[in-house]
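Enquirer:
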Amino acid sequence: MVAVSTREKLKPMVNSGNNAIRIRVRGLGKRYGALEVFRGIDLEAGDHEIVAIVGPSGCGKTTLLRCIDGLLAVDSGEVVVDSERVTSPIAGVAMVFQHFGLFPWKTVYDNVAYGLRMAGISRAEITRRVPHFINLVGLKGFEKAFPYQMSGGMQQRCGLARALAIEPRVLLMDEPFAAVDAQTREILQFELLRIWEQRPTTMLFVTHSIEEAVLMGDRVVVLKGRPSNIHETIAIDLPRPRTRDTLREPRFGELRERVWGTLMSEARQAEFQLGA
Ligand SMILES: Nc1ncnc2c1ncn2[C@@H]1O[C@H](COP(=O)(O)OP(=O)(O)O)[C@@H](O)[C@H]1O
Ligand SMILES: [Mg+2]
0 MVAVSTREKL KPMVNSGNNA IRIRVRGLGK RYGALEVFRG IDLEAGDHEI VAIVGPSGCG
60 KTTLLRCIDG LLAVDSGEVV VDSERVTSPI AGVAMVFQHF GLFPWKTVYD NVAYGLRMAG
120 ISRAEITRRV PHFINLVGLK GFEKAFPYQM SGGMQQRCGL ARALAIEPRV LLMDEPFAAV
180 DAQTREILQF ELLRIWEQRP TTMLFVTHSI EEAVLMGDRV VVLKGRPSNI HETIAIDLPR
240 PRTRDTLREP RFGELRERVW GTLMSEARQA EFQLGA
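So for the sequence shown, numbering that gives the first Met the number 0 puts the first residue at 0; every next one is plus one.
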């Protein structure tokens, strides 16, 4: 997959207050030919809010993010980021892909710098920003490495640095840790939380892991059905900063069970449909 998180120009992040809505999705519908993926999706994400999105494979999570990113045209409804209606990729929105989306022929440094160069950022600013974000994700010393020389976890750190380097207003994460091993995944989850604490942005975080959704999200949105829609939105009232201790809180377990129950009722239903 080719990296497409670059934008023609960058805007500085505008901190418009904690209650401001940054992403507003209204009545969104998308089909691929005869396949109607979703219909009537209404979703909002506030400033500094992390909205986790879970749902069975194939329910349209990636499609939804690509519509919000402006990479895919929608069939009905609209996406508004701040006050800008999204019809093609806009400045200040960055996406992190499940399969990293790095250029294999570029080094870590050049992968991270790419979006900034495309955005016309000055050479001096690129020289300042790129090492900063490489350090932030723990890749110092690997500036000259190529993707094939790195583990999946390191490649995703690079993908994260590339997205963060444009200092986005909105981060769209598409199962960012699904392709790394379990231990690396845990490390990266807490690193992402640490980075987010330092510089909170609005984030839509798609995952198929219920635990990850509850750990990251201020809300968990459950997509279901065919065409899919938002079945339930669960507020995650766990305090921040979230750490490994969060996983041991009784409330974490309750919320995980709640999301699990919602998803599994769907899985059972699907099983019956298959067996019928
Ligand atoms: N470019 C495409 N053309 C046709 N069908 C597609 C395309 N991309 C995805 N789909 C189909 O749309 C549905 C939703 O896909 P996707 O958004 O990737 O789901 P998820 O990310 O939740 O697994 C799936 O049935 C998938 O096969
Ligand atoms: Mg997907």
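We treat Cβ as the ideally placed atom computed from N, Cα and C, and that holds for glycine.
Counting only the same chain and skipping the five closest in sequence on each side, list residues whose C-beta sits under 8 Å from that of Leu228.
Expert: Here residue 228 turns out to be Asn, not Leu, going by the sequence shown. Only Phe37, Arg38, Gly39, Ile40 and Leu222 meet the Cβ criterion.
Enquirer: Taking the continuous alpha helix (DSSP H) assigned at Asp68, which residues delimit it?
Expert: Lys60 to Asp68
Enquirer: Among Ala33, Lys60, Gly32 and Thr232, whose alpha-carbon lies nearest the alpha-carbon of Leu171?
Expert: Nearest C-alpha to Leu171: Lys60.
Enquirer: Given that a residue counts as buried once 16 or more other Cβ atoms are within 10 Å of its Cβ, and exposed if not, what is Tyr108?
Expert: buried
Enquirer: Just to confirm my understanding: we take Ala19, look at its own chain, exclude 5 residues before and 5 after, and list those with CB closer than 6 Å. What are they?
Expert: Asp46
Enquirer: List the residues that DSSP assigns as beta-bridge partners of Asn228.
Expert: Lys223
Enquirer: Report yes if the C-beta of Glu211 is less than 7 Å from at least one heavy atom of ligand 2; otherwise report no.
Expert: Not one heavy atom of ligand 2 is found less than 7 Å from the C-beta of Glu211.
Enquirer: Can you list, in chain order, the residues of its chain with a C-beta nearer than 6 Å to that of Glu7? Leave out the 5 residues immediately preceding and following it.
Expert: Residue placement at Glu7 is flagged as unreliable, the pLDDT there being 34, under the threshold of 50; a coordinate-derived value is accordingly withheld.
Enquirer: Less than 8 Å between the beta carbons of Ala51 and Val219, yes or no?
Expert: yes
Enquirer: Is the distance from the Cβ of Ile133 to the Cβ of Ala160 below 8 Å?
Expert: yes
Enquirer: Check whether the Cβ atoms of Val258 and Ile209 sit closer than 8 Å, and answer yes or no.
Expert: yes
Enquirer: Taking Ile67 and Ile22 to be in contact with their CB atoms under 8 Å, please state how far apart those CB atoms are, rounded to whole angstroms.
Expert: 7 Å
Enquirer: Taking the DSSP output, what are the residues bridged to Leu316?
Expert: The question about residue 316 has no answer, for the chain in this structure spans 0 to 275.
Enquirer: Who sits around ligand 2, taking every residue whose Cβ is closer than 7 Å to one of its heavy atoms?
Expert: Taking a cut-off of 7 Å from the heavy atoms of ligand 2, the residues with a C-beta inside it are Lys60, Thr61, Gln97, Asp173, Glu174 and Val205.
Enquirer: Is Pro146 closer than 8 Å to Leu101 when the C-beta atoms are compared?
Expert: yes
Enquirer: Exposed or buried, which one is Met94 when buried takes at least 16 other CB atoms within 10 Å?
Expert: buried
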